[in-house]
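Residues in the sequence shown are numbered consecutively from 218, following the numbering used here. Cβ atoms here follow ideal geometry from the backbone N, Cα and C, with glycine treated the same way. Quantities reported herein were computed from a predicted structural model and do not represent experimental measurements. These notes are about the structure you will find just below.
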Amino acid sequence: MNDFSRQRLAEIIKRFGKSICDNPKKFKGIVKDYFPGEKREVFILISSLRERVPADLLAPSSGVPKDLIFSRLERRLVQQCGMAEDAAKWVVGSWATALEVTLETVDSFQDRETPKPVSIQLPKGSHEDWEFPPQKTASPSKECVIVSQSGSADFHGITEAIKAVQPGTKILVRPGVYYESVSLDNVDVEIIGDGPVEKILIQSRGSSCLVMKTTHASVRGLSLHSLPENEKLKVFAVDVSLGTLILDNCDVTSDSSACISIHGVRANPIVKNCRIHHSKSGSGVWAYENARGTLENCDIFENKFAGVEIKDGASLNIRNCKIHNQGSANGVLIFNNSTGVIEECEIFKNKFAGIEITDGGNPSIKKCKIHNHDHSNGIAIFKKGQATVEDCEVFENNGAGIEAKESGSFTIRRCVIHHCKGAGIRGSSKGTIEGCKEFSNGNQANSEKTSGIPPHLQSREKKIEEKKAPPDAVTLRKDNPSSISRPDDTITTSSAVKIPKKMNPPKTVFVSLEGNAHFNSISQAIQEVESHTRIMVLAGVYKESITLDKEVEIIGSSPENVCVEAKGKPCLLMNAKKAEVRGISFHTFPSFFHDSCTIAISCGNLLLDKCVILSDSLACISIFGLETNPIVRNCLIRGSKKGAGVLFSQSSAGVIEDCEICENKFSGISVSKMAKPTILRCKIHHCKGYGISNFSKDTAIEKCSFLKNEPGDIYDAGFFGRLFFG
218 MNDFSRQRLA EIIKRFGKSI CDNPKKFKGI VKDYFPGEKR EVFILISSLR ERVPADLLAP
278 SSGVPKDLIF SRLERRLVQQ CGMAEDAAKW VVGSWATALE VTLETVDSFQ DRETPKPVSI
338 QLPKGSHEDW EFPPQKTASP SKECVIVSQS GSADFHGITE AIKAVQPGTK ILVRPGVYYE
398 SVSLDNVDVE IIGDGPVEKI LIQSRGSSCL VMKTTHASVR GLSLHSLPEN EKLKVFAVDV
458 SLGTLILDNC DVTSDSSACI SIHGVRANPI VKNCRIHHSK SGSGVWAYEN ARGTLENCDI
518 FENKFAGVEI KDGASLNIRN CKIHNQGSAN GVLIFNNSTG VIEECEIFKN KFAGIEITDG
578 GNPSIKKCKI HNHDHSNGIA IFKKGQATVE DCEVFENNGA GIEAKESGSF TIRRCVIHHC
638 KGAGIRGSSK GTIEGCKEFS NGNQANSEKT SGIPPHLQSR EKKIEEKKAP PDAVTLRKDN
698 PSSISRPDDT ITTSSAVKIP KKMNPPKTVF VSLEGNAHFN SISQAIQEVE SHTRIMVLAG
758 VYKESITLDK EVEIIGSSPE NVCVEAKGKP CLLMNAKKAE VRGISFHTFP SFFHDSCTIA
818 ISCGNLLLDK CVILSDSLAC ISIFGLETNP IVRNCLIRGS KKGAGVLFSQ SSAGVIEDCE
878 ICENKFSGIS VSKMAKPTIL RCKIHHCKGY GISNFSKDTA IEKCSFLKNE PGDIYDAGFF
938 GRLFFG
């Protein structure tokens, strides 16, 4: 770590902008490119980004001196990440320099003390395989002690160390198997695994591995495994009945009852970045007796009962978790007047419903994907249960997408429910449905078919008061959704639904060739909606050339069902500052006079995800222009008859990742002299030209595979000035 490393961070910010700090995944890939082989710098920079160091530096100071903010951030890195003080000072200073944040109380940031070189113990092997961030190694002191079963150490057991140290002490645990039940009864003690998580194991028989008995403690980087004394005695791996336990980057499993038990009104733990799995006779996480808590970025899987069970007035905030493959129960079960927030989670392949709410449960479910439950519904609401479901995608469940019965009720807003064998939404005359989309489901509620019309344009009541439409409205008939009657028509049927003539498009709009949605073409939708609108495209072949000149999100149901075709013009021309396109096939054909690429990106940040791009003409994707920096991921790019699969020209940049690029007339990817692309984990095969033809010294390639490209895999005239991993 030196001034040269600091300069490279500044180069990253200058090239990609400060917004890169809001995209940890992209930043991680970029920083590995800029710091090849420098594991310490990579670890320290990524850890500081996760702890929001750049965000806090850029936030308004509200009169707080910058040097005090720097000091707080350094202390946070030391306490939360186990980082050495001089390493923390270096990385905060580097971010400040890169982001052009200067001290208010001194003349220059350079006046601060120059950090000394540090040494951080890192796990062996490639940093690509890390699943848990390693922690620092420190010599014993009053603030930090070491536990190890062999060699020189302060203690040989964790319990022994907890009893001996002062409150607030850090306890570093070296690799080994520790057969003990650890009682956390020392305030602010912090237990940190000093090595790979899988090699630091606490195992207990007949009692919990970890019992929380104080107001605040932290445990990071350990494996925890509880074993039963006998079949009748049920124990947990982690038992929290009091205080705030921060459980971070741990692997938790139980051969007995629940992996993690949270109970009692004084319990409020934070569980993050953990793997919680294989409870043989309980749930993954069990919250009850009015407990509170937070689950964040966890992987919860293959437990005997529910992945997360919330009962008896408890409440959990569950964010960005994967909850899947529970053996004989739900993904999440909420009952007995319990609540919670489930946000940005993926819940899939559980034995029964992805989320079940019953007996007065009342959670809020936001921005989740709930899918592939082979024996039940996506969301099931029973026995006076209630749920608010917003901005979710519910699909490919064996039952209904969302079902309420036995006095259950729901409020569903802006959801997409599709390809369920049962109804998209079923039951609950008390329910509210706004701005949703149901398609390709089985039997619909009340034997109705939505026919591509969002539910907020339909009435789901069994009885509608018969009346004539007012003169300022048109009417859409349920018996023939594509038929629109004018005000002078006689309309008295109870199956009519009124729509105002001039309707402001909602934040989610639909496009269908059948005339039963908001718009008949994608171009028309882009022209008429406001920026930041989501455009859902229903199945069909759309023969149009799309100019993307607004910051919108375009989502097709799947590349197999939604295709855009153009002749002599690009199917898609990117002219906006930012946009996203997902789940669509694009195919361009030559006209008598003109050839064209399929997708032309001349500016901005386009995210192109899970698309199929074909060309009977020039390049499948052409990226050009100084301000161009797209991300193309999970795409099939195939069959250019007169060009490359992807062409980078002029001073363009961009990322091509996890794509299959094949059967193109020339190279799979062609890079001109001034371009600066990053190519990650792509499969490039059966091209008539090279897999990659590179003329730029700023090309980065990582973990790509090549097969049967006729001249060879790579032609390099730029000598890969940044990085090359084959």
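Rounded straight-line distance, which links the Cα of residue j to that of residue i
i      : j      : result
GLY393 : ILE818 : 53 angstroms
LEU389 : PHE803 : 55 angstroms
ALA836 : VAL364 : 60 angstroms
GLY641 : VAL829 : 27 angstroms
CYS788 : ILE931 : 29 angstroms
GLY412 : HIS373 : 16 angstroms
GLU573 : ARG391 : 41 angstroms
GLU761 : ASP833 : 16 angstroms
THR692 : HIS735 : Only weak support exists for where THR692 lies, its pLDDT of 34 falling under 50; the coordinates are left without a value.
ALA870 : ALA861 : 17 angstroms
ILE771 : GLY639 : 27 angstroms
LYS920 : CYS899 : 7 angstroms
GLU317 : ALA434 : 36 angstroms
ASN579 : ASN534 : 13 angstroms
PHE612 : ILE230 : 39 angstroms
CYS637 : LYS654 : 13 angstroms
GLU377 : GLY499 : 30 angstroms
GLU228 : PHE260 : 18 angstroms
GLY757 : VAL798 : 16 angstroms
ASN462 : THR431 : Note on residue identity: the sequence assigns Leu, not Asn, to residue 462. Going from the Cα of LEU462 to the Cα of THR431 covers about 9 angstroms.
ARG850 : CYS876 : 6 angstroms
LEU550 : ALA276 : 39 angstroms
ILE701 : ILE854 : The pLDDT assigned to ILE701 is 32, lower than 50, so where the model puts this residue is not dependable; a value taken from the coordinates is nonetheless given after this. About 41 angstroms.
GLU945 : HIS902 : The requested residue 945 is not part of the displayed model; the chain covers only 218 to 943.
ALA315 : GLU258 : 15 angstroms
Element boundaries [alpha helix (DSSP H), containing residue i]
i      : result
GLY310 : 302-315
ILE258 : According to the sequence as given, residue 258 is Glu; it is not Ile. First-last of the alpha helix (DSSP H) with GLU258: 256-267.
PHE599 : Careful: PHE599 lies outside any alpha helix (DSSP H) and carries neither H nor E.
GLY860 : Where GLY860 is concerned, there is no enclosing alpha helix (DSSP H), given that its DSSP letter is neither H nor E.
GLN366 : GLN366 -> no alpha helix (DSSP H), and no H or E assigned at all.
THR376 : 375-381
LYS249 : 241-251
PRO392 : No alpha helix (DSSP H) contains PRO392, which DSSP labels as neither H nor E.
LEU274 : 270-275
Environment of residue i [buried if 16+ CB atoms lie within 10 Å]
i      : result
ALA604 : buried
ASP706 : Because ASP706 sits at a pLDDT of 32, beneath the cut-off of 50, its placement in the model cannot be relied upon, and the point is left open.
GLY732 : exposed
ASP239 : exposed
ASN403 : buried
TYR907 : buried
TYR396 : exposed
PRO271 : buried
LYS449 : exposed
SER813 : buried
GLY299 : buried
HIS811 : exposed
THR916 : buried
PHE809 : exposed
SER236 : exposed
HIS588 : buried
GLU289 : Per the sequence shown, the amino acid found at residue 289 is Arg instead of Glu. With fewer than 16 Cβ atoms within 10 Å of its Cβ, ARG289 is classed as exposed.
ASN447 : exposed
SER482 : For the sequence presented, residue 482 should be read as Val rather than Ser. Its Cβ having fewer than 16 others within 10 Å, VAL482 is exposed.
ALA934 : exposed
Any non-hydrogen atom of the ligand PLP closer than 7 angstroms to residue i Cβ
i      : result
HIS592 : The ligand PLP is not among the ligands present in this structure, which contains no ligands whatsoever.
Delimiting residues of the beta strand (DSSP E) encompassing residue i
i      : result
LYS416 : Where LYS416 is concerned, there is no enclosing beta strand (DSSP E), given that its DSSP letter is neither H nor E.
VAL829 : 829-832
HIS442 : 440-444
ILE463 : 461-465
ARG492 : 492-494
ASP946 : Absent from the model: residue 946. The displayed extent of the chain is 218 to 943, so no value can be given.
Any chain C beta carbon closer than 8 angstroms to residue i
i      : result
ASP915 : Looking at the structure shown, chain C is missing, and only one protein chain is on hand.
Quiz item: If we count Cβ pairs, one from each stretch, closer than 8 angstroms, do we get three or more for the segment 624-631 versus the segment 598-610?
Solution: Yes, the segment 624-631 touches the segment 598-610.
Quiz item: Just checking, does the segment 554-564 make contact with the segment 534-546 on the three C-beta pairs under 8 angstroms criterion?
Solution: yes
Self-check item: Every unbroken beta strand (DSSP E) inside the segment 722-796 [3 residues or more]
Solution: 725-728, 751-754, 757-760, 763-765, 770-773, 779-784 and 789-791
Quiz item: Between the segment 245-253 and the segment 289-308, are three or more C-beta pairs nearer than 8 angstroms?
Solution: no
Quiz item: In chain order, which beta strand (DSSP E) runs of at least 3 residues are fully inside the segment 509-583?
Solution: 509-513, 516-518, 525-527, 532-536, 539-541, 549-551, 556-560, 563-565, 572-574 and 579-583
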